[in-house]
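Below is one structure, written out as structure tokens; comments come after it.
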Amino acid sequence: MRREVSSWQAGLLSLALLALFLGAWEIAVSGGGTASGPALDPEYAALLGQAATEGGQTPIPAPSAIGKRLVELLSDPFHRRGTNDQGIGIQIAYSLWRVAAGFGLAMLVAIRSAS
Amino acid sequence: MVQMFRDACRCGGAHPGIACETPDDGTGALGRAVDEAALRATFPQAPTRRLMLERYGAATLLAAIADVLPLGTARDAFAQVPAAPEKRDLKIGFIPITCATPIIMADPMGFYRKHGLNVEVVRTAGWAVIRDRAIAREYDAAHMLAPMPLAMSLGVGVAQPIPWAVAAIENINGQAITLANKHRDKRDPKDWRGFRFAVPFDFSMHNYLLRAYVAEAGLDPDRDIQIRSVPPPEMVANLRADNIDGFLGPDPFNQRAVFDGIGFLHLLTKELWDGHPCCAFAVPRAMITETPNTYAALLRAIVEATSHSNNPANRREVAAAIAGPNYLNQPPTVVEQVLTGTFADGLGRVQRVPDRIGFDPFPYHSMAIWMLTQMRRWGQLQRDVDYKAVAEQVFLALDAGRAMRELGLPVPASPMRSATILGKTFDPAQPAAYLASQAIRR
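Chains as they are written, first to last, in my numbering: chain W, 194 to 308; chain D, 384 to 825.
Right, dumping it as structure tokens:
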């Protein structure tokens with residue numbers, strides 16, 4: 194009862210499963226229902242974030258929100274707007290540099306003691 | 384949390400003041416570090432200083448010069464026409480909260496530059512980190528909770544006394560008790576038995592006010608509730624994850640909990656003690672003697688920024704200047720609600736409290752005396768000290784007053800004033816009687 198499955202069919206199935214998962218996630222966190230919460234005074238509602246006005250308090254962002262933020266971070270990865278606001282590229286570079294420096298030092302010690 | 388405090392003085396004796404009276408053999412080090420700067424300022428030449436110390440003893444000398452504190456060189460720096468700062472490039476650490484408004488806004492709004500300084504304000508993760516970097520002198524000056532320089536100077540919570548001073552108070556009021564939404568019906572602190580609360584740090588007005596508030600309701604803050612130190616930026620996440628039931632914390636995090644639909648504002652600390660101090664602009668005592676002109680310029684910049692922040696007409700502009708990613712990194716409306724005092728309380732009402740937070744640089748000695756009574760009350764400070772003498776050494780009211788006068792601001796006539804705290808009158812001249820009147824204490 195074996196049937197050959199071509200690789201593009203397998204890939205398609207994987208993509209479909211991924212889309213299904215993300216879609217379910219998106220729907221799950223965006224629910225919570227505007228209808229269920231009590232009607233809010235518009236002046237009061239203007240002072241709250243979206244999550245609070247919808248009555249939900251889920252801490253997990255939707256995939257669409259993650260995607261939006263990812264585009265924001267990656268569109269200008271090397272900006273420097275002051276000490277406390279630097280691009281994600283610069284931060285990763287610092288991190289990589291530290292790893293490389295540590296590894297380099299370890300290498301130096303190991304090679305010298307081995308020879 | 385109390386077990387970490389050690390008795391500050393290892394000489395074991397009772398002291399009338401903070402200067403340890405045991406011989407100078409290195410064992411009775413309490414207070415010496417605090418006073419070192421004072422001695423240096425009065426007798427700048429080391430041989431003279433040693434001679435005077437040998438002849439009269441430290442206690443006598445310190446008593447004699449106590450009247451002329453804050454220090455001579457600093458006074459000169461204020462008396463003269465502003466001289467060029469000895470050190471222009473400074474690093475100042477801050478915690479991203481609205482209490483730090485003057486320290487932060489002085490950067491984008493140009494108050495440091497105006498006084499000839501090139502300041503880098505560095506966002507820091509929590510109060511313990513601020514204290515570590517301050518001790519390591521990685522920061523030239525720092526945003527601290529007002530009780531921190533008192534504790535550090537007395538050697539409480541640190542291995543040895545580290546003399547830091549409060550050059551100016553940053554904000555008054557501006558804190559709140561936030562509770563998780565599920566506690567909407569538990570508005571009476573008597574119902575809070577078993578609650579887990581967060582405060583920013585052991586040595587904070589938040590800790591002392593929360594303790595005083597629940598003690599007033601008959602709960603023992605060490606037995607009937609739990610109090611944890613949590614860095615302010617992590618408070619909302621902890622409330623969301625149900626690690627805590629509430630917190631007495633700084634803004635914008637109270638307002639952020641409401642904004643995110645997680646908690647509500649039980650009360651503003653203004654209702655506990657209207658005009659209470661919270662955060663301070665702290666400097667190492669050595670800065671006053673080593674770089675007096677830098678100290679003077681910095682204090683002028685801070686006092687001017689504090690006064691600018693206090694004006695209700697400037698609040699929106701200030702909120703816009705500090706809300707961005709380089710400073711507080713918060714939604715602008717959250718910061719604006721805190722600074723303008725028109726805010727959502729999390730219970731469906733819009734409240735209008737224009738003095739929700741205020742900015743007043745004057746470091747009243749009486750404020751320090753109250754903090755010391757509370758450190759004593761809860762066992763952080765394990766012996767009696769001369770509250771007034773410590774207050775005078777750490778809270779530099781004279782310098783702040785001088786900077787305020789130069790800028791044309793009204794200066795209070797006395798650094799001592801009584802206050803109404805939780806409905807009781809606090810007389811700073813009678814700290815022992817006040818302490819004795821508290822039913823629950825360690």
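We put the CB at the ideal spot given by N, CA and C, even for glycine.
1. If you count every other CB in all the chains shown that lies within 10 Å of the CB of N501 (chain D), and 16 or more means buried, which is it?
2. What residues in its chain sit with their C-beta under 8 Å from that of F580 (chain D), if we drop five residues either side in the sequence?
3. For a contact defined as C-beta to C-beta under 9 Å, what are the partners of V504 (chain D) on chain W?
4. Note down, in chain order, each residue of its chain lying with its Cβ closer than 6 Å to the Cβ of Y591 (chain D), except the 5 sequence neighbours on either side.
5. Using a Cβ-Cβ distance cut-off of 7 Å, determine whether Y287 (chain W) contacts chain D.
6. Who are the neighbours of I242 (chain W) on chain D, taking C-beta pairs under 8 Å?
7. Please compile the residues from chain W whose C-beta is within a distance smaller than 9 Å of the C-beta of Y710 (chain D).
8. Hey, out of D:M588, D:T672, D:T677, D:M531, whose CA is closest to I545 (chain D)'s CA?
9. Could you tell me which of D:F809, D:N712, D:L722, D:E521 sits nearest to S749 (chain D), measuring between CA atoms?
10. Between the alpha carbons of V519 (chain D) and H526 (chain D), how many angstroms are there, rounded?
11. Just to confirm, is the Cβ distance from E370 (chain D) to F664 (chain D) under 7 Å?
12. Leaving out the 5 sequence neighbours to the left and right, which residues in its chain are closer than 8 Å to R567 (chain D) when beta-carbon positions are compared?
13. Look at the alpha carbon of A258 (chain W) and the alpha carbon of A212 (chain W), and state the distance between them as a whole number of angstroms.
14. Skipping 5 residues on each side, what residues in its chain have a beta carbon closer than 7 Å to that of N637 (chain D)?
15. May I ask which residues mark the beginning and end of the alpha helix (DSSP H) holding S308 (chain W)?
16. So what does T803 (chain D) bridge to, in DSSP terms?
17. Who are the near neighbours of R825 (chain D) in its chain, counting only those whose CB is closer than 8 Å to its CB and skipping five residues on each side?
18. Mind checking if V733 (chain D) is an interface residue toward chain W, Cβ cutoff 7 Å exclusive?
19. Below 8 Å on C-beta distance, what does E265 (chain W) contact in chain D?
20. Starting from L779 (chain D), trace the alpha helix (DSSP H) both ways and give me its first and last residue.
21. Quick one: Cα of G791 (chain D) to Cα of R735 (chain D), how far?
22. Over the uninterrupted beta strand (DSSP E) stretch that includes N556 (chain D), give me the two end residues.
23. Where DSSP assigns a beta bridge to D472 (chain D), which residues make up the other side?
24. Inspect the beta-carbon positions of P635 (chain D) and V717 (chain D) and report whether they are closer than 7 Å.
25. Tell me, please, whether the CB atom of A245 (chain W) is closer than 7 Å to any CB atom in chain D?
26. Quick one: residues in its chain with C-beta nearer than 7 Å to the C-beta of A688 (chain D), no 5 flanking neighbours on either side, listed in chain order?
27. Going by beta carbon distance, what residues of the same chain come within less than 6 Å of P814 (chain D), once the five residues before and after it are set aside?
28. Looking only at its own chain, which residues have a Cβ that is under 8 Å from the Cβ of V344 (chain D), when we skip the five neighbours before and after it?
29. Using 7 Å as the limit for Cβ to Cβ distance, is A727 (chain D) near chain W?
30. Going along the chain, which unbroken runs of the alpha helix (DSSP H) with 4 or more residues stay wholly within the segment 667-698 of chain D?
31. Mapping DSSP to helix, strand and coil, what is L622 (chain D)?
32. For M535 (chain D), which residues of its own chain have a beta-carbon under 6 Å away from its beta-carbon, when the five flanking residues on both sides are left out?
33. Buried or exposed: E265 (chain W), going by 16 or more other Cβ atoms within 10 Å of its Cβ?
34. What are the boundary residues of the beta strand (DSSP E) that S612 (chain D) is part of?
35. How big is the Cα-Cα spacing for T481 (chain D) and I253 (chain W)?
36. Taking 7 Å as the CB-CB cut-off, is Q720 (chain D) touching chain W?
This is what the structure gives:
1. exposed
2. L593, I608, Q609, I610, R611, I627, D628, G629, F630, L631
3. G275, T276, N277
4. Q757
5. no
6. Looking at the sequence shown, residue 242 (chain W) is not Ile but Gly. Simply F642, D643, G644, P714.
7. G275, N277, D278
8. D:M531
9. D:F809
10. Just to set this straight, residue 519 (chain D) is Ala in the shown sequence, not Val. Roughly 15 Å between the two C-alpha positions.
11. Any answer about residue 370 (chain D) is impossible in this case: the structure gives chain D only from 384 up to 825.
12. F647, L730
13. 16 Å
14. A559, T561, L648
15. Where S308 (chain W) is concerned, there is no enclosing alpha helix (DSSP H), given that its DSSP letter is neither H nor E.
16. D:T808
17. V385, D605, R760, W761, G762
18. yes
19. None at all; the shortest Cβ gap to chain D is about 11 Å.
20. Per DSSP, L779 (chain D) belongs to no alpha helix (DSSP H) and is neither H nor E.
21. 30 Å
22. 554-556
23. D:N501
24. yes
25. yes
26. P485, M488, A489, F494
27. I752, T756, Y770
28. For residue 344 (chain D) there is no data in the structure shown, the boundaries of chain D being 384 and 825.
29. yes
30. 668-673, 675-693
31. helix
32. V541, I545, W547
33. exposed
34. 609-612
35. 27 Å
36. yes
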